[in-house]
Amino acid sequence: MAVEMLLPCHACDQCRRGRYNLCELDDRSVAAVGRQYGINIPAHTSPGLWGGYSEYVFVPQEALVHRVPDSLSRDRASLVEPLAVAFRAVDRAGVDPGDSVAIIGPGPIGLLTVAAVRARGAGTVVVTGTREARLAIATRFGADAIINVHHNAVPTAVRELLPKGADVVIETAGQASAQEESVHLARRGGVVVLAGACGSRVPITFHQDEDILPVERDRHPRFVPVRRRVRTRYRVAQLIRTSFRRTHHPPLRLRRRPPPPLALSHVRDREQGVLKAVINTTTGGSYG
């Protein structure tokens, strides 16, 4: 089973509107984003087991739970949540078949966004970023072109590929500079989605005919559009299993690692090309 990280009360005004990331049960929550496993639910809150790095986790009756298909391995099932974030951004943008898309940031969410726009039939897909290794992975996920921001003036480079600009720009980098730059990559009448909203104040100059859409974090649609727009939740599992075949690699390169603390340090320090670390609580091992 996949358990959503947010726990709604199902009773307050925000929960009834489906915005349970703004649940009013605990107004002291961090950044007003509801009750979240491992973030703002104290470990001493009865009955405990509120974190994710354990063999067991407490799931109260108000939790939102999704069945993972038996055919999907657990390591690949770990991609469901970040893939749902990517689908949320793509759904918010309204990507149509043939649309050109510029994706800022080749991190885990950005790479999965490449897969998501490909699943929606996007046309030319351009990915910008700072790390050559991750940009190379973006091409294996389906990007037509990559742009290293250290070596290129990104707006100019994008216009060389897409003279009118991109139909859709999806920012996943989570940096103020990326959000500011995103509006300069879109064509007139284009759509800009800020999926990596960092919470910092960002000065943005945009044309009157541009649509700028922030993606509301940690909200129900992170999971729901995956079912609604892709028609069935099993399609998500199918995408995880099959959409990366062109890479000749599975979506996760499984490498058994030393104890979980070391796996986390690899992610923190961006060592050995690790993009995501999965802790296997049944064996005490971890994967990267």
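For reference, each letter of the sequence shown is one residue, going 1322 to 1609 in my numbering.
Just so you know, even glycine gets a beta-carbon here, dropped at the ideal spot from N, CA and C.
Here the structure is a predicted model, which is why all the values come from computation and not from measurement.
| Asked | Found |
| --- | --- |
| Whether V1435 touches F1462 by CB criterion (8 Å) | yes |
| Contact under 8 Å by Cβ, T1460 with I1467 | yes |
| Endpoints, the beta strand (DSSP E) within which R1340 is located | Unbroken run through R1340: none, as it is neither H nor E. |
| Sequence ranges, beta strand (DSSP E) only - wholly within the segment 1451 to 1532, length at least 3 | 1466 to 1469, 1487 to 1492, 1507 to 1515 |
| Cβ neighbour criterion (16 or more within 10 Å) applied to R1337 | exposed |
| Burial state of T1603 (16 or more Cβ within 10 Å) | exposed |
| CB contact flag (V1389, A1398, <8 Å) | yes |
| Top-ranked residue by Cα proximity to Q1496, from R1452, H1472, G1426, P1484 | G1426 |
| Extent of the continuous beta strand (DSSP E) to which V1422 belongs | 1422 to 1425 |
| G1450 beta carbon less than 8 Å from that of P1418 | no |
| Inter-residue Cα distance where the pair is L1433 and L1583 | 25 Å |
| Straight-line gap, V1447 to H1331 (C-alpha atoms, nearest Å) | 40 Å |
| Residues bridged to L1327 [DSSP beta-bridge criterion] | Q1357 |
| For T1434, the residue or residues it bridges with in DSSP | Answer by DSSP bridge pairing: none, since T1434 is not bridged. |
| V1470 versus E1325 - alpha carbon distance | 35 Å |
| When E1453, E1501, I1430 are compared against E1402, the one with the closest alpha-carbon | I1430 |
| Spatial distance of L1482 from E1383 (CA atoms) | 48 Å |
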